[in-house]
Amino acid sequence: MWTGFTVLVILALFVDLVMLRQKGPHRISTGEALRWSLFWIAVALVFNLALWWYLRGQLGPEEGRRLALEFLTGYVVEKALAVDNIFVFLLLLNYFAVPAEQRQRVIIYGVLGAIVLRGIMIFLGAALIQQFHWILYLFGLFLALTGLKMLFKGDEDPDLDANPLLRWITAHLPLTRSYHGSALWIHDQGKRLFTPLFVVIAMLGITDLIFAVDSIPAIFAITLDPFIVLTSNVFAVLGLRALFFLLAGAADRFHLLAYGLALVLLFIGIKMLIMDIFHIPVAISLSVVVLLIGSSIVVSLMFPKKDEEPPAA
(Lines of atoms letter the chains of each structure in order from A and count residues from 1; the text may use other names and numbers.)
(Lines give C-alpha, C1' and ligand atoms only; values in the text may rest on other atoms or scores of the structure.)
Protein backbone atom coordinates (compact mmCIF):
# COMPACT_ATOMS: atom_id res chain seq x y z
CA MET A 1 0.00 0.00 0.00
CA TRP A 2 2.83 2.38 0.83
CA THR A 3 4.49 1.69 -2.53
CA GLY A 4 1.28 2.16 -4.49
CA PHE A 5 0.46 5.39 -2.68
CA THR A 6 3.98 6.80 -3.22
CA VAL A 7 3.87 6.01 -6.94
CA LEU A 8 0.42 7.59 -7.25
CA VAL A 9 1.52 10.81 -5.52
CA ILE A 10 4.66 11.08 -7.67
CA LEU A 11 2.55 10.62 -10.81
CA ALA A 12 0.03 13.21 -9.59
CA LEU A 13 2.74 15.79 -8.90
CA PHE A 14 4.39 14.99 -12.22
CA VAL A 15 1.11 15.61 -14.06
CA ASP A 16 0.64 18.90 -12.21
CA LEU A 17 4.16 20.12 -12.96
CA VAL A 18 4.13 18.94 -16.58
CA MET A 19 0.82 20.67 -17.25
CA LEU A 20 2.25 23.88 -15.79
CA ARG A 21 5.39 23.64 -17.92
CA GLN A 22 3.52 22.86 -21.13
CA LYS A 23 1.01 25.66 -20.80
CA GLY A 24 3.46 28.06 -19.20
CA PRO A 25 2.39 30.78 -16.78
CA HIS A 26 -1.23 31.61 -17.56
CA ARG A 27 -4.48 32.66 -16.00
CA ILE A 28 -6.58 29.79 -14.71
CA SER A 29 -10.20 29.99 -15.84
CA THR A 30 -13.07 28.91 -13.60
CA GLY A 31 -13.87 26.07 -16.00
CA GLU A 32 -10.32 24.73 -15.90
CA ALA A 33 -10.22 24.99 -12.10
CA LEU A 34 -13.56 23.17 -11.82
CA ARG A 35 -12.41 20.32 -14.07
CA TRP A 36 -9.17 19.85 -12.12
CA SER A 37 -11.01 20.05 -8.78
CA LEU A 38 -13.41 17.32 -9.84
CA PHE A 39 -10.48 15.27 -11.16
CA TRP A 40 -8.59 15.36 -7.83
CA ILE A 41 -11.73 14.56 -5.86
CA ALA A 42 -12.37 11.61 -8.19
CA VAL A 43 -8.79 10.39 -7.72
CA ALA A 44 -9.21 10.48 -3.92
CA LEU A 45 -12.52 8.61 -4.09
CA VAL A 46 -11.11 5.97 -6.43
CA PHE A 47 -8.18 5.52 -4.06
CA ASN A 48 -10.63 5.17 -1.17
CA LEU A 49 -12.57 2.52 -3.10
CA ALA A 50 -9.37 0.63 -3.95
CA LEU A 51 -8.28 0.86 -0.32
CA TRP A 52 -11.60 -0.60 0.85
CA TRP A 53 -11.44 -3.42 -1.73
CA TYR A 54 -7.84 -4.33 -0.81
CA LEU A 55 -8.31 -4.18 2.96
CA ARG A 56 -11.56 -6.15 2.76
CA GLY A 57 -9.65 -9.03 1.23
CA GLN A 58 -6.70 -8.73 3.62
CA LEU A 59 -8.39 -7.92 6.95
CA GLY A 60 -12.04 -8.82 6.45
CA PRO A 61 -15.16 -6.81 5.50
CA GLU A 62 -15.65 -5.07 8.87
CA GLU A 63 -12.05 -3.86 9.21
CA GLY A 64 -11.90 -2.84 5.55
CA ARG A 65 -15.08 -0.79 5.94
CA ARG A 66 -13.81 0.87 9.12
CA LEU A 67 -10.47 1.95 7.66
CA ALA A 68 -12.02 3.12 4.39
CA LEU A 69 -14.53 5.19 6.36
CA GLU A 70 -11.69 6.65 8.45
CA PHE A 71 -9.92 7.70 5.25
CA LEU A 72 -13.06 9.34 3.89
CA THR A 73 -13.72 11.19 7.15
CA GLY A 74 -10.11 12.35 7.38
CA TYR A 75 -10.20 13.48 3.75
CA VAL A 76 -13.36 15.53 4.28
CA VAL A 77 -11.96 17.16 7.44
CA GLU A 78 -8.62 18.01 5.82
CA LYS A 79 -10.35 19.26 2.66
CA ALA A 80 -12.53 21.55 4.76
CA LEU A 81 -9.53 22.89 6.68
CA ALA A 82 -7.71 23.37 3.36
CA VAL A 83 -10.44 25.80 2.31
CA ASP A 84 -9.49 28.07 5.22
CA ASN A 85 -5.89 27.68 4.09
CA ILE A 86 -6.90 28.82 0.61
CA PHE A 87 -8.48 32.02 1.89
CA VAL A 88 -5.23 32.96 3.65
CA PHE A 89 -3.30 32.12 0.46
CA LEU A 90 -5.62 34.44 -1.45
CA LEU A 91 -5.06 37.19 1.10
CA LEU A 92 -1.28 36.85 0.70
CA LEU A 93 -1.39 36.87 -3.09
CA ASN A 94 -3.62 39.95 -3.15
CA TYR A 95 -1.50 41.71 -0.52
CA PHE A 96 1.63 41.28 -2.66
CA ALA A 97 -0.27 41.90 -5.91
CA VAL A 98 1.09 38.70 -7.46
CA PRO A 99 0.46 38.75 -11.23
CA ALA A 100 -2.37 36.43 -12.24
CA GLU A 101 -0.16 34.41 -14.57
CA GLN A 102 2.31 33.64 -11.74
CA ARG A 103 -0.24 32.56 -9.15
CA GLN A 104 -0.40 28.97 -10.38
CA ARG A 105 3.36 28.50 -9.87
CA VAL A 106 3.18 30.00 -6.38
CA ILE A 107 0.34 27.67 -5.36
CA ILE A 108 2.21 24.62 -6.65
CA TYR A 109 5.16 25.56 -4.45
CA GLY A 110 2.69 25.88 -1.60
CA VAL A 111 1.27 22.41 -2.31
CA LEU A 112 4.74 20.82 -2.39
CA GLY A 113 5.64 22.53 0.88
CA ALA A 114 2.39 21.39 2.47
CA ILE A 115 2.99 17.74 1.51
CA VAL A 116 6.54 17.73 2.91
CA LEU A 117 5.60 19.51 6.15
CA ARG A 118 2.57 17.32 6.76
CA GLY A 119 4.59 14.17 6.15
CA ILE A 120 7.19 15.22 8.71
CA MET A 121 4.63 16.27 11.30
CA ILE A 122 2.48 13.15 10.84
CA PHE A 123 5.35 10.75 11.47
CA LEU A 124 6.56 12.88 14.37
CA GLY A 125 3.06 12.99 15.86
CA ALA A 126 2.56 9.24 15.40
CA ALA A 127 5.86 8.51 17.17
CA LEU A 128 4.96 10.80 20.07
CA ILE A 129 1.47 9.30 20.45
CA GLN A 130 2.92 5.80 20.48
CA GLN A 131 5.22 6.75 23.34
CA PHE A 132 2.95 9.19 25.18
CA HIS A 133 -0.78 8.47 24.81
CA TRP A 134 -1.68 11.52 26.92
CA ILE A 135 -0.53 13.78 24.08
CA LEU A 136 -3.90 13.08 22.47
CA TYR A 137 -5.52 15.02 25.31
CA LEU A 138 -3.22 17.97 24.58
CA PHE A 139 -4.21 17.75 20.92
CA GLY A 140 -7.87 17.74 21.90
CA LEU A 141 -7.51 20.72 24.22
CA PHE A 142 -5.57 22.63 21.58
CA LEU A 143 -8.21 21.97 18.90
CA ALA A 144 -11.07 22.92 21.24
CA LEU A 145 -9.38 26.21 22.20
CA THR A 146 -8.55 26.92 18.55
CA GLY A 147 -12.19 26.33 17.62
CA LEU A 148 -13.39 28.70 20.35
CA LYS A 149 -10.89 31.33 19.23
CA MET A 150 -12.09 31.05 15.63
CA LEU A 151 -15.71 31.36 16.75
CA PHE A 152 -14.99 34.71 18.42
CA LYS A 153 -12.73 35.87 15.60
CA GLY A 154 -15.24 34.90 12.90
CA ASP A 155 -14.23 35.79 9.35
CA GLU A 156 -11.85 38.55 10.42
CA ASP A 157 -8.84 38.73 8.09
CA PRO A 158 -5.36 38.60 9.63
CA ASP A 159 -3.42 41.88 9.66
CA LEU A 160 -0.43 41.19 7.41
CA ASP A 161 1.09 44.62 8.07
CA ALA A 162 1.51 43.63 11.73
CA ASN A 163 2.78 40.10 10.99
CA PRO A 164 6.15 39.78 12.79
CA LEU A 165 7.55 37.18 10.39
CA LEU A 166 6.72 39.27 7.34
CA ARG A 167 8.20 42.34 8.97
CA TRP A 168 11.39 40.39 9.80
CA ILE A 169 11.73 39.12 6.21
CA THR A 170 11.26 42.54 4.66
CA ALA A 171 13.66 44.13 7.17
CA HIS A 172 16.54 41.62 6.86
CA LEU A 173 16.50 40.47 3.22
CA PRO A 174 17.68 42.62 0.30
CA LEU A 175 14.53 42.99 -1.78
CA THR A 176 13.42 44.42 -5.07
CA ARG A 177 9.92 45.85 -5.17
CA SER A 178 9.14 44.72 -8.73
CA TYR A 179 8.38 41.29 -10.16
CA HIS A 180 10.72 39.75 -12.71
CA GLY A 181 8.64 37.00 -14.29
CA SER A 182 8.98 33.76 -12.33
CA ALA A 183 12.42 34.65 -10.90
CA LEU A 184 12.80 34.36 -7.14
CA TRP A 185 15.85 36.63 -7.12
CA ILE A 186 17.90 38.75 -9.49
CA HIS A 187 21.45 40.09 -9.53
CA ASP A 188 21.87 43.83 -9.64
CA GLN A 189 25.44 45.21 -9.73
CA GLY A 190 26.78 41.99 -8.26
CA LYS A 191 24.23 41.96 -5.42
CA ARG A 192 21.47 39.38 -5.05
CA LEU A 193 18.04 40.89 -4.58
CA PHE A 194 15.03 38.77 -3.70
CA THR A 195 11.81 39.42 -5.60
CA PRO A 196 8.35 39.73 -4.01
CA LEU A 197 7.65 36.25 -5.43
CA PHE A 198 10.29 34.82 -3.09
CA VAL A 199 8.67 36.55 -0.10
CA VAL A 200 5.23 35.21 -1.06
CA ILE A 201 6.51 31.62 -1.36
CA ALA A 202 8.31 31.94 1.99
CA MET A 203 5.11 33.20 3.63
CA LEU A 204 3.11 30.37 2.04
CA GLY A 205 5.54 27.87 3.57
CA ILE A 206 5.12 29.47 7.00
CA THR A 207 1.34 29.45 6.53
CA ASP A 208 1.47 25.75 5.61
CA LEU A 209 3.33 25.05 8.84
CA ILE A 210 0.81 26.99 10.92
CA PHE A 211 -2.16 25.23 9.36
CA ALA A 212 -0.47 21.83 9.73
CA VAL A 213 -0.40 22.44 13.48
CA ASP A 214 -4.22 22.57 13.35
CA SER A 215 -4.91 19.88 10.79
CA ILE A 216 -2.56 17.13 12.00
CA PRO A 217 -4.11 16.84 15.51
CA ALA A 218 -7.55 16.88 13.86
CA ILE A 219 -6.84 13.80 11.77
CA PHE A 220 -5.40 11.94 14.77
CA ALA A 221 -8.81 12.36 16.41
CA ILE A 222 -10.26 10.24 13.61
CA THR A 223 -7.60 7.56 13.24
CA LEU A 224 -4.19 6.65 14.65
CA ASP A 225 -3.19 4.63 11.59
CA PRO A 226 -0.21 6.50 10.03
CA PHE A 227 -1.10 5.31 6.53
CA ILE A 228 -4.68 6.62 6.74
CA VAL A 229 -3.50 9.86 8.34
CA LEU A 230 -0.89 10.55 5.65
CA THR A 231 -2.95 9.50 2.64
CA SER A 232 -6.04 11.49 3.62
CA ASN A 233 -3.88 14.57 4.22
CA VAL A 234 -1.94 14.30 0.97
CA PHE A 235 -5.02 13.70 -1.19
CA ALA A 236 -6.71 16.72 0.39
CA VAL A 237 -3.65 18.86 -0.36
CA LEU A 238 -3.21 17.58 -3.94
CA GLY A 239 -6.35 19.37 -5.07
CA LEU A 240 -5.39 22.60 -3.32
CA ARG A 241 -4.17 24.37 -6.48
CA ALA A 242 -7.36 23.77 -8.47
CA LEU A 243 -9.56 24.52 -5.46
CA PHE A 244 -7.75 27.82 -4.94
CA PHE A 245 -8.60 29.10 -8.42
CA LEU A 246 -12.14 27.75 -8.12
CA LEU A 247 -12.80 29.63 -4.87
CA ALA A 248 -10.63 32.69 -5.52
CA GLY A 249 -13.49 34.71 -6.92
CA ALA A 250 -16.04 33.50 -4.39
CA ALA A 251 -14.19 33.83 -1.08
CA ASP A 252 -16.50 36.57 0.20
CA ARG A 253 -19.59 34.53 -0.61
CA PHE A 254 -18.62 31.92 2.02
CA HIS A 255 -18.26 34.42 4.85
CA LEU A 256 -19.77 32.03 7.42
CA LEU A 257 -17.51 29.11 6.53
CA ALA A 258 -15.00 30.18 9.20
CA TYR A 259 -17.67 29.54 11.83
CA GLY A 260 -18.37 26.10 10.40
CA LEU A 261 -14.67 25.24 10.50
CA ALA A 262 -14.47 26.54 14.07
CA LEU A 263 -17.32 24.23 15.11
CA VAL A 264 -15.60 21.32 13.36
CA LEU A 265 -12.39 21.91 15.33
CA LEU A 266 -14.38 22.32 18.55
CA PHE A 267 -16.26 19.06 17.90
CA ILE A 268 -13.07 17.14 17.07
CA GLY A 269 -11.31 18.58 20.12
CA ILE A 270 -14.14 17.48 22.42
CA LYS A 271 -14.15 14.06 20.70
CA MET A 272 -10.48 13.62 21.61
CA LEU A 273 -10.97 14.79 25.19
CA ILE A 274 -13.75 12.26 25.87
CA MET A 275 -12.34 9.41 23.76
CA ASP A 276 -11.63 7.17 26.79
CA ILE A 277 -15.07 7.87 28.28
CA PHE A 278 -17.27 7.73 25.20
CA HIS A 279 -16.26 6.67 21.69
CA ILE A 280 -18.00 8.56 18.89
CA PRO A 281 -18.26 6.26 15.83
CA VAL A 282 -16.46 7.37 12.67
CA ALA A 283 -19.72 7.43 10.69
CA ILE A 284 -21.23 9.91 13.16
CA SER A 285 -18.07 12.05 13.07
CA LEU A 286 -18.26 12.17 9.27
CA SER A 287 -21.94 13.12 9.37
CA VAL A 288 -21.32 15.93 11.89
CA VAL A 289 -18.40 17.35 9.87
CA VAL A 290 -20.37 17.30 6.60
CA LEU A 291 -23.41 18.85 8.31
CA LEU A 292 -21.39 21.69 9.89
CA ILE A 293 -19.45 22.54 6.74
CA GLY A 294 -22.44 22.13 4.44
CA SER A 295 -24.70 24.23 6.66
CA SER A 296 -22.18 27.08 6.90
CA ILE A 297 -21.88 27.16 3.09
CA VAL A 298 -25.65 27.04 2.50
CA VAL A 299 -26.39 29.73 5.10
CA SER A 300 -23.60 31.91 3.64
CA LEU A 301 -25.29 31.74 0.22
CA MET A 302 -28.76 32.31 1.67
CA PHE A 303 -27.66 35.33 3.75
CA PRO A 304 -24.85 37.12 1.90
CA LYS A 305 -22.95 40.00 3.42
CA LYS A 306 -24.89 43.24 3.31
CA ASP A 307 -22.30 44.94 1.10
CA GLU A 308 -22.71 42.07 -1.43
CA GLU A 309 -26.46 42.47 -1.76
CA PRO A 310 -27.53 44.23 -4.97
CA PRO A 311 -28.91 47.72 -4.48
CA ALA A 312 -32.66 48.05 -4.37
CA ALA A 313 -34.29 49.15 -7.59
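Quick note, the sequence shown lines up with residues 9 to 321 if you use my numbering. Backbone N, C-alpha and C fix where the C-beta goes; we use that ideal spot for every residue, glycine too.
> What is the DSSP secondary structure of LEU183, reduced to helix, strand or coil?
Replying inline: Stepping through the sequence shown from its first residue, residue 183 is reached at position 175. Looking at LEU183 - three-state DSSP - the assignment turns out to be strand.
>> Can you tell me whether ALA88 is buried or exposed? The criterion is at least 16 other CB atoms within 10 Å of its CB, across all chains shown.
In response: The sequence position of residue 88 within the sequence shown is 80, counting from 1. Classification for ALA88: buried.
>> Quick check: what's the CA-CA separation for TRP176 versus VAL54?
In response: In the sequence shown, the residue the question calls residue 176 occupies position 168. In the sequence shown, the residue the question calls residue 54 occupies position 46. Taking the straight line from one Cα to the other gives about 44 angstroms.
> Cα separation between ALA210 and PRO69?
Replying inline: Residue mapping note: residue 210 aligns to position 202 of the sequence shown, counting from 1. Residue mapping note: residue 69 aligns to position 61 of the sequence shown, counting from 1. The alpha-carbon atoms of ALA210 and PRO69 are separated by roughly 45 angstroms.
>> So the candidates are LEU264, LEU265, HIS263, ALA244; which of them puts its Cα closest to the Cα of VAL84?
In response: As a first step, residue 84 must be located in the sequence shown, where it is residue number 76. Among LEU264, LEU265, HIS263, ALA244, the Cα nearest to that of VAL84 is on ALA244.
> Can we say the segment 196-203 touches the segment 47-67, given the rule of at least three CB pairs closer than 8 angstroms?
Replying inline: Not touching, per the Cβ criterion.
>> Less than 6 angstroms between C-beta atoms, sequence neighbours within five positions excluded: which residues of the same chain meet that for THR215?
In response: As a working mapping, residue 215 is identified with position 207 in the sequence shown. For THR215, where only same-chain residues beyond five positions count, the Cβ hits under 6 angstroms are VAL96.
> In or out: ALA320 buried (at least 16 other Cβ within 10 Å) or exposed?
Replying inline: Taking the first residue of the sequence shown as 1, we reach residue 320 at position 312. Reliability fails at ALA320, whose pLDDT of 44 lies under 50, so the model's placement of it is uncertain and the value that follows must be treated cautiously. Answer is exposed; the Cβ neighbour count stays below 16.
> Quick one: what's ARG200 bridged to in DSSP?
Replying inline: Position 192 of the sequence shown, counting from 1, holds the residue named residue 200. According to DSSP, ARG200 bridges with HIS195.
> Once you ignore the five residues that flank MET129 on each side, which residues in its own chain have a CB closer than 7 angstroms to its CB?
Replying inline: Locating residue 129 in the sequence shown gives position 121, where the first residue counts as 1. Taken in chain order, the residues that qualify are ALA220, ILE224.
> Near LEU101, which residues of its chain fall below 8 angstroms by C-beta distance, leaving aside the five closest residues on each side in sequence?
Replying inline: As a working mapping, residue 101 is identified with position 93 in the sequence shown. Its chain contains ARG111, VAL114, VAL208 as the residues whose beta carbon lies nearer than 8 angstroms to that of LEU101, once the 5 sequence neighbours on both sides are disregarded; these appear in chain order.
> So what's ILE128 in DSSP terms, helix, strand or just coil?
Replying inline: By one-based count along the sequence shown, residue 128 stands at place 120. Here ILE128 sits in helix by DSSP.
> What residue does the alpha helix (DSSP H) around GLU109 start on, and which one ends it?
Replying inline: Sequence index remark: in the sequence shown, residue 109 carries index 101 (1-based). Counted as a single uninterrupted DSSP element, the stretch harbouring GLU109 is not any alpha helix (DSSP H), since DSSP gives it neither H nor E.
>> If you measure between the beta carbons of ALA2 and GLY247, is that distance less than 9 angstroms?
In response: With the chain represented from 9 up to 321, any question about residue 2 goes unanswered, as that position is not in the structure.
> Tell me which same chain residues have a C-beta within less than 6 angstroms of the C-beta of GLY118, skipping the five on either side of it?
Replying inline: Translated into the one-based positions of the sequence shown, residue 118 becomes position 110. Once the five neighbours on either side are set aside, the close Cβ partners of GLY118 are LEU212.
>> Check this for me: beta carbons of PHE228 and ILE137, under 9 angstroms apart or not?
In response: As a first step, residue 228 must be located in the sequence shown, where it is residue number 220. As a first step, residue 137 must be located in the sequence shown, where it is residue number 129. In this structure, PHE228 places its C-beta atom within 9 angstroms of the C-beta atom of ILE137.
>> Is the separation between the beta-carbon of GLU2 and that of PHE253 shorter than 9 angstroms?
In response: Nothing can be reported for residue 2, as the shown portion of the chain is limited to 9 through 321.
> Between ASN241 and LEU67, what straight-line distance do the alpha-carbon atoms span, to the nearest angstrom?
Replying inline: To locate residue 241, count along the sequence shown from 1; it is residue 233. To locate residue 67, count along the sequence shown from 1; it is residue 59. Straight-line Cα distance between these residues: approximately 23 angstroms.
> Is LEU284 helix, strand or coil when you go by DSSP?
Replying inline: Translated into positions along the sequence shown, residue 284 becomes position 276. Before going on, a small fix: residue 284 reads as Asp here, not Leu. In the three-state DSSP reduction, ASP284 falls in the coil class, being neither helix nor strand.
>> Is the separation between the beta-carbon of ALA134 and that of LEU232 shorter than 9 angstroms?
In response: Position 126 of the sequence shown holds residue 134. Position 224 of the sequence shown holds residue 232. Taking 9 angstroms as the Cβ cut-off, ALA134 and LEU232 qualify as a contacting pair.
> Are there 16 or more other CB atoms within 10 angstroms of the CB of PHE275, so buried, or fewer, so exposed?
Replying inline: In the sequence shown, counting from the first residue as 1, residue 275 sits at position 267. Note on PHE275: 16 or more other CB atoms within 10 angstroms of its CB, so buried under the neighbour-count rule.
> Assuming PRO234 contacts PHE131 under a Cβ cut-off of 8 angstroms, what Cβ separation, rounded to an integer in Å, is found between them?
Replying inline: In the sequence shown, counting from the first residue as 1, residue 234 sits at position 226. In the sequence shown, counting from the first residue as 1, residue 131 sits at position 123. With a Cβ gap of about 7 angstroms, PRO234 and PHE131 count as contacting.
> Does any residue of chain B bring its CB to less than 9 angstroms from the CB of ALA266?
Replying inline: Here chain B cannot be found, since the structure has a single protein chain.
> Can you name the start and end residues of the alpha helix (DSSP H) that TRP61 belongs to?
Replying inline: Here residue 61 corresponds to residue number 53 of the sequence shown, with the count starting at 1. Annotation: the continuous alpha helix (DSSP H) that includes TRP61 extends over 38-67.
>> Taking the alpha helix (DSSP H) that ALA291 belongs to, which residues open and close that run?
In response: Taking the sequence shown and counting its residues from 1, one reaches residue 291 at position 283. Where ALA291 is concerned, the enclosing alpha helix (DSSP H) stretches over 290-310.
> Leaving out five residues before and five after LEU156 in sequence, what residues of the same chain have Cβ atoms less than 7 angstroms from its Cβ?
Replying inline: Locating residue 156 in the sequence shown gives position 148, counting from the first residue. Residues of the same chain with a CB within less than 7 angstroms of the CB of LEU156, apart from the 5 flanking positions on each side, are LEU274 in chain order.
> With respect to 8 angstroms, is the separation between the Cβ of LEU281 and the closest non-hydrogen atom of the ligand GTP below this value?
Replying inline: In the structure on display, the ligand GTP does not appear, and there are no ligands present to speak of.
>> Can you list, in chain order, the residues of its chain with a C-beta nearer than 6 angstroms to that of TYR62? Leave out the 5 residues immediately preceding and following it.
In response: Start at 1 with the first residue of the sequence shown, and residue 62 comes out as number 54. Correct list: empty, nothing qualifies.
>> Just to check my reading of the structure: GLU78 and ILE236 have Cβ atoms closer than 8 angstroms, yes? What is that Cβ distance to the nearest angstrom?
In response: Here residue 78 is taken as the residue at index 70 of the sequence shown, counted from 1. Here residue 236 is taken as the residue at index 228 of the sequence shown, counted from 1. Rounded to whole angstroms, the Cβ separation of GLU78 and ILE236 is 5 angstroms, and the two are in contact under 8 angstroms.
>> Using the Cβ count rule (16 or more neighbours within 10 Å means buried), how would you classify ILE282?
In response: Translated into positions along the sequence shown, residue 282 becomes position 274. The Cβ neighbour count for ILE282, taken over all protein chains shown within 10 Å, is under 16; the residue is labelled exposed.
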